[in-house]
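Enquirer:
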Amino acid sequence: MTAPRAVPQPEEARGPADLLDLMRRLQQWSGLPLSELEERMDADGVVAPSGIDALLGGSTLPSRGLVTSFVTTCGLVPEERERWLRVYDRLCGPAAMEGDKRVAGRPALNLGPATAPAPPPAPSPPPAPENGSSGRHAVQPSGPRHRKTSSHGPTGRRPVSLLVAAPAIITVGVVVSTLTGVFGGEGEPHRPQASPGTAGKATPPPPGWYTVMPLSDGERSGDCLSVLPDDRLKPQLAQDKCVAEDSLQRIRLASVPDSAGTFQLKAWTAKGELWCATLDTEAERSPLHMRECGDDPLQRFGLTPAGKPVKGGQLYRIVPQATRDDGMCVGVDIRETGGMEAIHAACGRSGVRGYLFTPAAEP
Numbered sequence: 001m002t003a004p005r006a007v008p009q010p011e012e013a014r015g016p017a018d019l020l021d022l023m024r025r026l027q028q029w030s031g032l033p034l035s036e037l038e039e040r041m042d043a044d045g046v047v048a049p050s051g052i053d054a055l056l057g058g059s060t061l062p063s064r065g066l067v068t069s070f071v072t073t074c075g076l077v078p079e080e081r082e083r084w085l086r087v088y089d090r091l092c093g094p095a096a097m098e099g100d101k102r103v104a105g106r107p108a109l110n111l112g113p114a115t116a117p118a119p120p121p122a123p124s125p126p127p128a129p130e131n132g133s134s135g136r137h138a139v140q141p142s143g144p145r146h147r148k149t150s151s152h153g154p155t156g157r158r159p160v161s162l163l164v165a166a167p168a169i170i171t172v173g174v175v176v177s178t179l180t181g182v183f184g185g186e187g188e189p190h191r192p193q194a195s196p197g198t199a200g201k202a203t204p205p206p207p208g209w210y211t212v213m214p215l216s217d218g219e220r221s222g223d224c225l226s227v228l229p230d231d232r233l234k235p236q237l238a239q240d241k242c243v244a245e246d247s248l249q250r251i252r253l254a255s256v257p258d259s260a261g262t263f264q265l266k267a268w269t270a271k272g273e274l275w276c277a278t279l280d281t282e283a284e285r286s287p288l289h290m291r292e293c294g295d296d297p298l299q300r301f302g303l304t305p306a307g308k309p310v311k312g313g314q315l316y317r318i319v320p321q322a323t324r325d326d327g328m329c330v331g332v333d334i335r336e337t338g339g340m341e342a343i344h345a346a347c348g349r350s351g352v353r354g355y356l357f358t359p360a361a362e363p
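Under UniProt numbering, think of the first position of the sequence shown as 1, with each following residue one higher.
Structure (structure tokens):
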């Protein structure tokens, strides 16, 4: 087992160029290829206009919102993320009012300047009618356009010519039509329609090393699956606060030969043994201990999508293959010592909405 690489420390930065260099090192630490990092950020709605490769190869720091998304996608927990943002604020000054983070780095599509431009001067009133004129075409001076007219009768209202109003109506119609085409109806963002063969399907993550975060709702909990000792000091699959450099929080998805979609969950123990998560029994609330990998059916697990994707990616249920037909999943619960342990539970009572798999470097 190789020693885990230490996460870069943002406090080492003495200037924006230093912080940008630390961002490059953070990407290397995360183990994510640039293409996958950019794809995950795009999936969260954060776009680097020139691409992540150009961003990291440049000489100026991106917006605060883009940096936030970058360090989050690299796998930093909230406490570590706040350290990076404090350093960013120290080097770049107080954060300015940012627009929608989904178009970070695109000023033309943001919410606009912090101060609204001055309104154009009001047009001068037209000349008064000459003597003898009926005056029926005279335009009476009016107050500012944004003020309401009196509600005490029609005498204070100005009739609006349809010829004057028509361009405005057409303009509004074009804008509404354009926005409807871009964002879809009912305020929902536009999403490309999936082909019939792919609708509702999400493939499991590929084999490799991950940090695995249980989520009970749509927000990150800051906890990760980890190998911890039980009451008898036996290595057990449990839940603990995420620590970026903790090698005991790295889970390897290993494909099972001749069994498509089936995995073993491998992890290092404190004694340096690469073992597999194993159900103690098929009974409900059975814990999962780490045991030597083999052909044990209690070491076989499937991953099924759990609802719609959240910020960070798709959630998956961890389903023991031995009891999948019984509707059982891997959940978490509080053990007698107060810690959180992984247990065998009915999927509807697992205490977990799903697990977020974030690629990580091999420990």
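Beta carbons: idealized from backbone N, C-alpha and C, even for Gly.
1) Just to confirm my understanding: we take Gln321, look at its own chain, exclude 5 residues before and 5 after, and list those with CB closer than 7 Å. What are they?
2) Among Gly222, Pro78 and Gly51, which has the Cα closest to the Cα of Tyr355?
3) List the DSSP bridge partners of Glu341.
4) In the DSSP output, what is Ser255 paired with across the bridge?
5) Taking just the CA atoms, how far does Leu225 sit from Val212?
6) On the DSSP bridge assignment, give the partners of Gly313 in chain order.
7) Can the beta-carbon of Gln236 be found closer than 8 Å to that of Met290?
8) So, under 8 Å CB-CB, Ala342 and Leu288 are touching, yes? Tell me the CB distance rounded to an integer number of Å.
9) Using the beta-carbon count (16 or more within 10 Å), is Ala345 buried or exposed?
10) Comparing alpha-carbon positions, which option in Arg220, Pro205 and Glu282 lies nearest Phe357?
11) Determine which residues share a DSSP beta bridge with Gly354 and list them.
12) In its own chain, which residues sit with a C-beta less than 8 Å from the C-beta of Ala283, not counting the 5 before and 5 after it?
13) Taking C-alpha atoms, which residue in Gly45, Glu82 and Asp44 lies nearest to Pro10?
14) Please classify Val67: does DSSP put it in a helix, a strand, or coil?
15) Between the stretch 305-316 and the stretch 37-49, are three or more C-beta pairs nearer than 8 Å?
16) Kindly indicate the opening and closing residues of the beta strand (DSSP E) around Ser226.
17) Where does the unbroken alpha helix (DSSP H) through Ala277 begin, and where does it stop?
18) Could you name the residues of the same chain whose beta carbon sits closer than 7 Å to that of Gly327, not counting the 5 residues immediately before and after it, in chain order?
19) Around the C-beta of Gln27, are 16 or more other C-beta atoms found within 10 angstroms, so that it is buried, or is it exposed?
20) Near Gly75, which residues of its chain fall below 7 Å by C-beta distance, leaving aside the five closest residues on each side in sequence?
21) Is it the case that the Cβ atoms of Gln92 and Pro8 are separated by a distance below 8 Å?
22) Could you check the C-alpha separation between Asp333 and Arg317 for me, to the nearest Å?
23) Ignoring anything shorter than 4 residues or poking outside the stretch 47-91, list the alpha helix (DSSP H) runs there in chain order.
24) I need the DSSP call for Gly302, collapsed to helix, strand or coil.
25) Among the residues of its own chain, which have a CB less than 6 Å from the CB of Leu85, if the five just before and after it don't count?
26) I need the straight-line Cα distance from Asp246 to Ala260, nearest angstrom please.
Expert: So, from the data block:
1) Excluding positions up to five away in sequence, the list reads Thr262, Pro297, Arg300, Phe301 and Gly302.
2) Comparing Cα-Cα distances from Tyr355 to each of Gly222, Pro78 and Gly51, the minimum goes to Gly222.
3) Note: Glu341 sits in a beta bridge opposite Ala238 and Asp333.
4) For Ser255, the pairing in a beta bridge is given by DSSP as Phe263.
5) Taking the Cα positions, Val212 is about 6 Å away from Leu225.
6) In the DSSP output, where bridge partners are listed per residue, Gly313 has Val310.
7) Yes. Within cutoff.
8) Contact holds; Cβ gap of about 5 Å.
9) Flag for Ala345 reads buried.
10) Closest in C-alpha terms to Phe357, from the list Arg220, Pro205 and Glu282, comes Pro205.
11) Answer by DSSP bridge pairing, in chain order: Leu215.
12) Contacts found: His344.
13) Considering only alpha carbons, the answer is Glu82.
14) Val67 falls in the helix class under three-state DSSP.
15) Contact holds between the stretch 305-316 and the stretch 37-49, because three or more Cβ pairs, one in each stretch, are under 8 Å apart.
16) For Ser226, the enclosing beta strand (DSSP E) begins and ends at Asp223 to Pro229.
17) That residue, Ala277, is in no alpha helix (DSSP H); its beta strand (DSSP E) goes Leu274 to Leu279.
18) Shown here for Gly327: same chain residues with a beta carbon closer than 7 Å to its own, the five before and five after excluded, namely Ala346 and Cys347 in chain order.
19) With 16 or more other Cβ atoms within 10 Å, it is buried.
20) Cβ within range, chain order: Ser30, Thr211, Ala244, Thr358 and Ala360.
21) At residue 92 the sequence reads Cys, which differs from the Gln that was named. By the CB criterion at 8 Å, Cys92 and Pro8 fall outside the cutoff.
22) A direct Cα-Cα distance of roughly 15 Å separates Asp333 from Arg317.
23) The qualifying runs are 52-56 and 64-73.
24) Three-state DSSP puts Gly302 in a strand.
25) For Leu85, where only same-chain residues beyond five positions count, there are no Cβ hits under 6 Å.
26) Straight-line Cα distance between these residues: approximately 30 Å.
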